[in-house]
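**Q**
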Amino acid sequence: MSIRHFFQWFQPTIDALTAPNIPFDLRWRLLLLQPISLLTFLLKHTPWALSHAYTVHWIPTRDGRSLRVIVFQPSRTNETGLRPLHVSIHGGAFLGGIAEYNADFASIVAQRTGAVVVCPQYRCAPAHPFPAAIDDIDDLMKWLVRNAEQKFHANPKIMTMSGHSAGGNLVLAACQQEEFHGQSDTAVKAAVTFYAAIDLRLEPRNKPKPPNFPKKDPLSFLMPLFNAYARLAPPGHGNDPRLHPVIAELETLPRNLLLIIGEIDILLHEQLTFVQRLKGEIEEAERAGGARGEAVRGRKVESVLYEKGFHGWLEC
0 MSIRHFFQWF QPTIDALTAP NIPFDLRWRL LLLQPISLLT FLLKHTPWAL SHAYTVHWIP
60 TRDGRSLRVI VFQPSRTNET GLRPLHVSIH GGAFLGGIAE YNADFASIVA QRTGAVVVCP
120 QYRCAPAHPF PAAIDDIDDL MKWLVRNAEQ KFHANPKIMT MSGHSAGGNL VLAACQQEEF
180 HGQSDTAVKA AVTFYAAIDL RLEPRNKPKP PNFPKKDPLS FLMPLFNAYA RLAPPGHGND
240 PRLHPVIAEL ETLPRNLLLI IGEIDILLHE QLTFVQRLKG EIEEAERAGG ARGEAVRGRK
300 VESVLYEKGF HGWLEC
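At position 298 of the sequence shown the residue is numbered 297 (numbering that gives the first Met the number 0), and the sequence of numbers has no breaks.
#1: Helix, strand or coil for Lys307 per DSSP?
#2: Could you tell me which uninterrupted beta strand (DSSP E) segments, each at least 3 residues in length, are contained entirely in the segment 152 to 221, listed from first to last along the chain?
#3: Closest by CA to Gln72, which one among His152, Leu37 and Val187?
#4: Could you check whether Ala165 and Ala92 sit closer than 8 Å to each other, using their CB atoms as the reference points?
#5: Going by C-alpha distance, which of Ser106, Glu301, Phe23 and Tyr194 is nearest Trp312?
#6: His163 and Gly90 - do their beta-carbons sit closer together than 8 Å?
#7: Do Thr272 and Val295 come within 8 Å of each other at the CB atom, strictly closer than that value?
#8: Pull the bridge partners of Cys315 from the DSSP assignment, please.
#9: Does the beta-carbon distance from Ala229 to Phe129 come in below 8 Å?
#10: From His180 to Asn101, what distance separates their C-alpha atoms?
#11: Between the C-alpha atoms of Asp14 and Gly292, what's the straight-line distance to the nearest angstrom?
#12: Rounded to the nearest angstrom, what separates Lys278 and Asp138 at their Cα positions?
#13: Ends of the alpha helix (DSSP H) at Thr54?
#14: Keeping to the same chain, check which residues put their C-beta closer than 8 Å to that of Val115; ignore five residues upstream and five downstream.
#15: Suppose contacts are defined by Cβ-Cβ distances below 8 Å. Is Leu256 in contact with Val300 by that definition?
#16: Does the separation of the CB atoms of Thr251 and Gln175 fall below 8 Å?
#17: Apply the 10 Å Cβ neighbour rule to Gln149 and answer buried if 16 or more other Cβ atoms are within range, or exposed otherwise.
#18: Under three-state DSSP, which class holds Ile21?
#19: Since Val68 and Cys118 are thought to touch, with beta carbons under 8 Å apart, how far apart are those beta carbons, to the nearest angstrom?
#20: Using only the alpha-carbon positions, how far apart do Asp286 and Leu249 sit?
#21: Return the CA-CA distance between Lys206 and Phe309, expressed in angstroms with no decimal places.
#22: Starting from Ser74, trace the alpha helix (DSSP H) both ways and give me its first and last residue.
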């Protein structure tokens, strides 16, 4: 483990004590978040600590930093062509996380599909509010277009994405870049989101709760942190679809989109609303015909609801 990666494990404390422009009501909560973050990191990283299942790379960004990514290669076969490319983005409420959050999932995807799977880390709030995280993912995506073939033997023209929670938000935001949707050669071909946070206009405490949602939350004292990525964003982003993908235009999203949704999740309503809106637009455009009807032909938006699914259940 590198020194800079080690310090990321203590980012909540470092940010609480040193980062400028963080309100006091978030600073003390970051200190309380630290032991939870550290325990989670240990649980996710330890099983892979001595593994050679992936390689670690540092990707340059626009401002001279480097992003840590881990890369899973599929089992060797007799195939000599370029592999498909899959980008898997971890969750963590935009507050933290390491690439190993998705290691189990990424390993399975690589072995079962033959794709090269790239799992990035990104800057987190409250020290780095919007658009820091999506800027990091944008930089990664553009780097992959230029380098995936040479570095990873992967084809950026056959690229798919997935993301858990905050990672789902970043997947749908990244696809809105002109390079990654529509008729572009490097358009993302499909995306899967797992309990994605796609509407940050409402604070978590104000989101509609599903009927079977627990009445008590032992981590409710951390709730203000969960909105820090949006709350501390620069003015003028109240209706920015790259912050709130729920309002993204249909044409800026992947042609094949699947949402995995838990019915015991505070994010249930926004995901269902999103799916309903996109499906409605597709049906309306197909009925109307014309240029837009032709453009949306073949688009697929699907969702799978899990009755007993709670937020993050697939990562437990």
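All residues carry an ideal CB built from backbone N, CA and C; glycine is no exception.
**A** Inspection of the coordinates gives the following:
#1: Secondary structure of Lys307 (DSSP, three-state): strand.
#2: The segment 152 to 221 is shown to contain whole beta strand (DSSP E) runs of 3 or more residues at 153 to 163 and 189 to 193, in chain order.
#3: Nearest C-alpha to Gln72: His152.
#4: It is a contact, given that the beta carbons lie within the stated cut-off.
#5: Among Ser106, Glu301, Phe23 and Tyr194, the Cα nearest to that of Trp312 is on Tyr194.
#6: Here Gly90 is near His163, since their CB atoms are less than 8 Å apart.
#7: By the CB criterion at 8 Å, Val295 and Thr272 fall outside the cutoff.
#8: None; Cys315 has no bridge partner.
#9: Yes, these two residues count as a Cβ contact at 8 Å.
#10: C-alpha separation (whole angstroms): 24 Å.
#11: Distance between the alpha carbons of Asp14 and Gly292 is about 49 Å.
#12: Lys278 and Asp138: Cα-Cα distance of roughly 31 Å.
#13: Element bounds for Thr54: not the alpha helix (DSSP H) but the beta strand (DSSP E), Tyr53 to Pro59.
#14: Annotation for Val115: Val70, Phe71, Gln72, Pro73, Arg82, Pro83, Leu84, His85, Ala109, Ala147, Phe151, His152 and Ala153 place their beta carbon closer than 8 Å to its own, counting only its chain and skipping 5 residues before and after.
#15: At a Cβ-Cβ threshold of 8 Å, Leu256 and Val300 count as neighbours.
#16: With contacts defined by Cβ atoms closer than 8 Å, Thr251 and Gln175 form a contacting pair.
#17: Label assigned to Gln149: exposed.
#18: In the displayed model, Ile21 falls within coil according to three-state DSSP, outside both helix and strand.
#19: Indeed, because the Cβ distance is near 6 Å, the residues count as touching under 8 Å.
#20: Looking at the sequence itself, residue 286 is Arg, so the reference to Asp does not match. Arg286 and Leu249 have their C-alpha atoms spaced approximately 16 Å apart.
#21: Straight-line Cα distance between these residues: approximately 15 Å.
#22: Premise fails: Ser74 is in no alpha helix (DSSP H) and is neither H nor E.
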